[in-house]
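Here the sequence shown stands for residues 251 to 582, numbered as in our numbering.
The beta carbon of each residue, even a glycine, is placed where N, CA and C say it ideally should be.
Note that the structure is predicted; figures quoted are calculated from it, not measured.
Here's the structure we're looking at; comments come further down.
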Amino acid sequence: SAGSTPGPACYGRGGTQATVTDAMVVCGWLGHSEMAYGQLRIDTGLAHSAVGELAARLGRPVEQTAQAILDIAVSEMFVEVEKLASRAGVDLREFTLMPFGGGGPMLGAFLARELGMKRVMAPRRPGVVSALGGLVADLRGDFIRTIFSPLTAASLPEIREAFDALAQEGRDWLAAQGHDAAAELTLSCDMRYLGQSYEIEVVLSPQWLAGANPEAIKQAFHRTHEQLYDFHDPVGEIELVNVRLSAIGAGPALSFPEIDEIGAAAIPARRLPVYTGVSVETVDLHQRQTLVPGSTFRGPAVVVQEDTTFAIPAGAQARVDRHLNLLLTFAE
251 SAGSTPGPAC
261 YGRGGTQATV
271 TDAMVVCGWL
281 GHSEMAYGQL
291 RIDTGLAHSA
301 VGELAARLGR
311 PVEQTAQAIL
321 DIAVSEMFVE
331 VEKLASRAGV
341 DLREFTLMPF
351 GGGGPMLGAF
361 LARELGMKRV
371 MAPRRPGVVS
381 ALGGLVADLR
391 GDFIRTIFSP
401 LTAASLPEIR
411 EAFDALAQEG
421 RDWLAAQGHD
431 AAAELTLSCD
441 MRYLGQSYEI
451 EVVLSPQWLA
461 GANPEAIKQA
471 FHRTHEQLYD
481 FHDPVGEIEL
491 VNVRLSAIGA
501 GPALSFPEID
511 EIGAAAIPAR
521 RLPVYTGVSV
531 ETVDLHQRQT
541 LVPGSTFRGP
551 AVVVQEDTTF
561 AIPAGAQARV
571 DRHLNLLLTF
581 AE
């Protein structure tokens, strides 16, 4: 997921700051409607002035300067997301990007395209996704105990004892928060090969501890190490560093209304000029509230709504689903 989009600040003479928002305005993606539920309106003249001062200093056209600011912003986000993906050992091409917040949809689709992701999903109201998550999120407490120990059959009683103590601590914490329903307890250990200076977290099954089965734990560590680093040492000694327990109390269930799809092409409110990175193109502008389930259109396009503006690049096919999410797919 991509939340509010911080970007680099570029400065002209006299300290004038040209931001990502300014660049979006100059390129034509932003500034066509009121924002923040009518509480904010962009001064497009000031945006052009800020980017124009920087463009004059660089000796470049204003639109190209604005596009360079956007490219830098997307590049910075690309680097940070790649770090997280590499650390988790996942292939982002298998995932869907969900941009949220007021700024996420502005550059979210461009970021997805750079990451090689083929799908983007923008919820109906991206600006309140964080607030919604805070209301319905599971109640979760994480507990940890450090135990430096080799992973052997002899060490399993100490590990079980630590997990039992953490489990009771987790249940007591949930009760103190007012949660009186069933709790889910998940177990894991921070482990490493002997001599390594870093650990990886490995999810454990309670049955492995109850059955005094160190071999199952070892194989889980080997699999996780292989997934993250593309290698493992089947005869390497394993050291356990921390035991972890998460106590989770389920939050309220979500129920989103569904609306039948009609399968009609979306009708734009108007057309407007946008600099898409190479040239100025005339693109469709859609009002989000007029898009109904089954509506389809192609990028480049702009979708405006009360809490954000969704910039949709060329090559994207857009469709509104039964929950009023806006789905983008990029061609292979």
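Shown here, Gly499 sits in a strand according to DSSP, grouped into three states.
Looking only at Ala273, Gly428, Val324, the smallest Cα-Cα distance to Glu313 is reached by Ala273. Going by DSSP, Thr579 is part of the beta strand (DSSP E) stretching over 576–580.
When C-alpha distances from Ala432 are compared across Asp440, Cys439, Asp422, the shortest belongs to Asp422. In this structure, DSSP gives Gly383 a helical state, which the three-state scheme calls helix.
Ser336: member of the alpha helix (DSSP H) spanning 312–338, first to last residue.
Under the 10 Å beta carbon count, Ala300 is surrounded by 16 or more other beta carbons and is classified as buried. For Thr294, the three-state secondary structure derived from DSSP is helix. For Phe398, there is no enclosing alpha helix (DSSP H); the enclosing beta strand (DSSP E) covers residues 389–400. DSSP places Met441 in no alpha helix (DSSP H) but in the uninterrupted beta strand (DSSP E) bounded by 433–443. In the DSSP assignment, Arg548 falls outside any alpha helix (DSSP H) and within the unbroken beta strand (DSSP E) covering 546–548. Of the other Cβ atoms in all chains shown, fewer than 16 fall within 10 Å of the Cβ of Glu487; this residue is therefore exposed. Counting the other Cβ atoms within 10 Å of the Cβ of Gly281 gives 16 or more, which makes it buried. In the DSSP assignment, the residues bridged to Gln537 are Val554. Here Arg343 is exposed. Its C-beta has fewer than 16 other C-beta atoms within 10 Å. Annotation for Tyr525: no alpha helix (DSSP H) segment contains it, though the beta strand (DSSP E) segment containing it runs 520–525. Counted as a single uninterrupted DSSP element, the beta strand (DSSP E) harbouring Thr559 occupies residues 559–562. Scanning its chain for C-beta atoms nearer than 6 Å, with the 5 sequence neighbours on each side dropped, one finds around Leu424 the residues Ala433, Ala497, Gly499, in chain order. Buried is the label assigned to Glu303, since at least 16 other Cβ atoms lie within 10 Å of its Cβ. Boundaries of the beta strand (DSSP E) around Ile450: 450–454.
Val370 and Gly445 have their C-alpha atoms some 42 Å from each other. For Gln567, there is no enclosing alpha helix (DSSP H); the enclosing beta strand (DSSP E) covers residues 566–570. The continuous beta strand (DSSP E) containing Val370 extends over residues 369–372. One thing to note: Ala387 has its Cβ no nearer than 8 Å to the Cβ of Gly461. Distance from the Cα of Pro376 is smallest, within the candidate group Ala359, Gly351, Gly358, Ala305, for Gly351.
Within the same chain, Cβ atoms closer than 8 Å to the Cβ of Leu490 are found at Ile397, Phe398, Ser399, Pro400, Leu401, Ser405, Ile409, Cys439, Asp440, Met441, the five residues on either side in sequence being excluded.
Shortest Cα-Cα distance from Ile450 to any of Gly383, Leu495, Arg337 involves Arg337.
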